[in-house]
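So in our numbering the end of the sequence shown lands on 261, straight run, no missing numbers.
Report on one structure; see the data block that follows.
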Amino acid sequence: MKVIDLGRLPYAGIEDRMRDFTAARGAEADDELWLVEHEPVFTLGVAGRAQHLLAPGEIPVVHTVRGGQVTYHGPGQLVAYPLVDLRRLGIYVKEYVFRLEMAVLQVLQSVGLTGHRVTGAPGIYVRLQDPFSHAALTPPAPGADPFAGLGKVAALGVKVSRHCAYHGLSLNLAMDLEPFSRINPCGYAGLRTVDLRSLGVSLPRDEAAHRLAARLQGLLTR
């Protein structure tokens, strides 16, 4: 897997670049991992509902072909776009998403944080009261809020075409979190979004990119 750090870019054009790469790649083409930090933007998934955009204001809204609802990208957030041939890797989408989440869990573990999955809600979450606790999450009671006491620190949204995946994941490092209050993050009203800084962890962008790339290479290479 070839790693390409694109630095900081506007969101406009990145999806076209990923789609063109995916459409043109042959069976022997190397997988690539693009790392980027975007200018402020809200993105809607292919089935995204406008009702989850509460007050976008001056921040642009872009419709995309990825899965999922609405999320925010902005400075202080690391975005990873793995361009991966799933058939060659020998896995299906469910396993692919599991491995993306695992990469984030491993990066969090490397700085002492414990991340968690929530059934039916792709992404990685932390306990707000004790993000360093290693205890497993207790399943919520029937009808209870599955996000009670949790904050979302990483979001996922993928697209698969011709057995090849693009789009990917975002990990919040040290952001202005206010824009998340203008949406229902990932379609969940009241879901709190956090970053590593708000959890008491400082992880420079370049170091975070190095750690995440290493984990993704290990998990997405045969």
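Ideal placement from N, C-alpha and C gives every residue a C-beta, glycine not left out.
With 16 other Cβ atoms within 10 Å as the buried cut-off, status of residue i
{"i": "residue 41", "result": "exposed"}
{"i": "residue 96", "result": "exposed"}
{"i": "residue 215", "result": "exposed"}
{"i": "residue 88", "result": "exposed"}
{"i": "residue 148", "result": "exposed"}
{"i": "residue 159", "result": "exposed"}
{"i": "residue 67", "result": "exposed"}
{"i": "residue 84", "result": "buried"}
{"i": "residue 224", "result": "buried"}
{"i": "residue 181", "result": "exposed"}
{"i": "residue 86", "result": "exposed"}
{"i": "residue 228", "result": "exposed"}
Cβ separation of residue i and residue j, assumed to be a contact under 8 Å, to the nearest whole Å
{"i": "residue 197", "j": "residue 106", "result": "6 Å"}
{"i": "residue 135", "j": "residue 204", "result": "6 Å"}
{"i": "residue 235", "j": "residue 252", "result": "Rounded, the Cβ-Cβ distance is 17 Å, inconsistent with contact."}
{"i": "residue 120", "j": "residue 218", "result": "Actually they do not touch by this definition, with Cβ atoms about 21 Å apart."}
Pair within 9 Å by beta-carbon distance, residue i and residue j
{"i": "residue 91", "j": "residue 109", "result": "yes"}
{"i": "residue 261", "j": "residue 145", "result": "no"}
{"i": "residue 78", "j": "residue 206", "result": "no"}
{"i": "residue 195", "j": "residue 117", "result": "no"}
{"i": "residue 157", "j": "residue 137", "result": "no"}
{"i": "residue 190", "j": "residue 150", "result": "no"}
{"i": "residue 231", "j": "residue 176", "result": "no"}
{"i": "residue 123", "j": "residue 208", "result": "no"}
{"i": "residue 44", "j": "residue 247", "result": "no"}
Rounded straight-line distance, which links the Cα of residue j to that of residue i
{"i": "residue 114", "j": "residue 76", "result": "6 Å"}
{"i": "residue 50", "j": "residue 243", "result": "22 Å"}
{"i": "residue 173", "j": "residue 163", "result": "15 Å"}
{"i": "residue 101", "j": "residue 128", "result": "31 Å"}
{"i": "residue 46", "j": "residue 238", "result": "25 Å"}
{"i": "residue 22", "j": "residue 60", "result": "No answer is possible for residue 22: it lies beyond the span of the chain, which begins at 40 and ends at 261."}
{"i": "residue 154", "j": "residue 69", "result": "30 Å"}
{"i": "residue 200", "j": "residue 256", "result": "21 Å"}
{"i": "residue 178", "j": "residue 184", "result": "10 Å"}
{"i": "residue 64", "j": "residue 143", "result": "27 Å"}
{"i": "residue 94", "j": "residue 221", "result": "5 Å"}
{"i": "residue 73", "j": "residue 82", "result": "18 Å"}
{"i": "residue 241", "j": "residue 169", "result": "17 Å"}
{"i": "residue 188", "j": "residue 62", "result": "42 Å"}
{"i": "residue 202", "j": "residue 141", "result": "21 Å"}
{"i": "residue 226", "j": "residue 233", "result": "16 Å"}
Residues that DSSP places opposite residue i in a beta bridge
{"i": "residue 199", "result": "204"}
{"i": "residue 188", "result": "Beta-bridge pairing links residue 188 to no other residue."}
{"i": "residue 47", "result": "76"}
{"i": "residue 211", "result": "116"}
{"i": "residue 166", "result": "189"}
{"i": "residue 18", "result": "Only positions 40 to 261 of the chain appear in the structure, and residue 18 is not among them; the question remains open."}
{"i": "residue 194", "result": "209"}
{"i": "residue 10", "result": "Lying outside 40 to 261, the shown extent of the chain, residue 10 is not represented and no answer is given."}
{"i": "residue 124", "result": "203"}
CB contact below 9 Å: residue i versus chain B
{"i": "residue 248", "result": "Absence of chain B from the displayed structure is noted, only one protein chain being present."}
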